[in-house]
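Counting with my numbering, you get residues 564 to 896 for the letters of the sequence shown.
Shown next, in structure tokens, is the structure this report addresses.
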Amino acid sequence: MKTHRFSLRFSLRFSLRFSLGSLLMALALSTAAQQGYPSRTVRFVVPFAPGGSTDFMARLAGKNLAERLGRQFVIENRPGAGGIVGTDLVAKSVPDGYTLLLGFLGPLAISPNLETVPYNPVTDFTAASLLSTSHSVLVVHPSLPVRSVKELIALAKARPGEINYASSGRSTNNYLTSELFKSRANINLIHIPYKGTGPAAIATLSGEAQVMFGSVTGVLTHVRTNRLRALAMTSPNRSPLLPEVPTLVEAGLSGIDVGAWAALVAPAGTPREIIARLNAEIFHITAAPHYRQQLEKQAIEPLTSSPEQFTAFLKAELEKWGKVIKDSGVKSD
């Protein structure tokens with residue numbers, strides 16, 4: 564894992580002032596938490612552009628948290644650098660519980676293994692809970708004369724470097740999925756990064772991009788109206804929303820099961836009382852049948868965890884994807 568490392572020299576006087584300031588801030592934050600949280604609007608940062616399953620997940624979770632806690636959760640889309648920009652913004656925010664992040668696999672576990680990021684995914688955040696996981700579907704623009712994974716691979720080998728694919732940005736999960744697909748199939752596709760799944764899908768619909776790994780619900784209508792052609796699922800099993808579409812394993816390619824998880828994350832140092840409150844509310848919300856049904860309609864599987872379980876999970880994800888990236892030879896653009 565690559566992260567920025569800073570070497571700072573403090574004078575004794577500055578160190579003492581810094582320590583005292585930190586102590587006073589911690590006491591103030593703890594007092595605020597005990598007095599009742601939230602007492603004002605909460606900013607909920609999504610590190611990608613509006614549109615797609617990520618935005619849906621944030622808005623559904625934010626709506627339900629607002630109903631439970633009695634305060635508005637304002638969704639703020641802050642795209643850029645494959646989710647790194649928005650993620651870093653939250654890492655550097657005041658840890659008072661009023662700036663939260665919809666944390667994702669890409670910026671928290673993939674990017675740190677591909678490039679230098681301005682935050683440490685383990686020590687710069689405190690997670691309230693895992694929220695969900697989902698898989699994607701391989702689609703192509705109808706102008707591409709292929710109707711199966713086998714035909715796509717054959718065409719790419721016959722026309723090396725002529726076929727492109729869209730992603731929601733470098734180091735995102737669909738970028739890694741695409742690069743793993745290239746590696747496993749031994750083909751060359753040209754990467755075109757966009758600032759989110761919505762813009763990437765629009766580009767693929769227009770024919771500007773030819774290939775994409777997108778969310779099932781994000782492409783479902785377009786597949787059914789023949790504006791996009793679905794070739795394979797990345798999930799272990801076929802999707803009930805696209806039962807006619809085989810999995811990549813069925814198509815003869817293994818090792819491309821990239822589950823795109825999401826979590827509710829806060830800056831490190833957020834009072835434990837606030838994290839505990841958010842965790843309890845996520846467990847309550849996730850247990851509600853209507854909430855689960857709304858997610859399942861989007862081919863999203865709801866998840867929960869304790870903060871400690873998420874930390875262990877994130878460490879395992881960093882190790883797992885670090886090995887996958889190293890073994891596959893995938894590199895950041």
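Beta carbons: idealized from backbone N, C-alpha and C, even for Gly.
A straight line joining the alpha-carbon of residue 762 with that of residue 729 spans about 9 Å. Between the beta-carbon of residue 827 and that of residue 672 there is about 16 Å, and that puts the pair past the 8 Å contact cut. Note on geometry: alpha-carbon atoms of residue 712 and residue 812 lie some 11 Å from one another. Listed as beta-bridge partners of residue 830 by DSSP are 688. When secondary structure is reduced to three states using DSSP, residue 864 falls in the strand class. The shortest CA-to-CA distance from residue 859 to any of 606, 603, 616 and 599 is the one to 616. Along the segment 603 to 656, the alpha helix (DSSP H) occurs as fully enclosed runs of 4 or more residues at 615 to 632 and 647 to 654, listed in sequence order.
By the C-beta criterion, the segment 674 to 694 is judged to be in contact with the segment 832 to 844, since at least 3 inter-stretch pairs fall below 8 Å. Residue pairing by DSSP places residue 744 in no beta bridge whatsoever. DSSP places residue 728 within a strand segment (E or B) once states are collapsed to three. Per DSSP, the unbroken beta strand (DSSP E) holding residue 662 starts and ends at 662 to 667. Residue 670 places its beta carbon less than 8 Å from that of residue 647.
Counting along the chain, residue 847 sits inside the alpha helix (DSSP H) bounded by residues 835 to 850. Along the length of the segment 763 to 827, whole alpha helix (DSSP H) runs at least 4 residues long occupy 779 to 787, reported in chain order. Rounded to whole angstroms, the Cβ separation of residue 735 and residue 862 is 18 Å, and the two are not in contact under 8 Å. Collapsing the DSSP output to three states places residue 658 in coil. Scanning 850, 624 and 632 for the CA closest to the CA of residue 602 turns up 632.
Boundaries of the beta strand (DSSP E) around residue 756: 753 to 756. Cβ atoms of residue 797 and residue 740 come within 8 Å of each other, at about 6 Å.
Of all C-beta pairs linking the segment 743 to 754 to the segment 718 to 729, three or more are shorter than 8 Å, placing the two stretches in contact.
Pairing residue 829 with residue 658 gives a Cβ-Cβ distance under 8 Å. Note on residue 627: 16 or more other CB atoms within 10 angstroms of its CB, so buried under the neighbour-count rule. Ranked by how close their Cα comes to the Cα of residue 786, the residues 641, 805 and 801 have 805 in first place.
DSSP, read as helix, strand or coil, puts residue 693 in strand.
Non-local C-beta neighbours of residue 807 in its own chain, meaning closer than 7 Å and more than five positions away in sequence, are absent.
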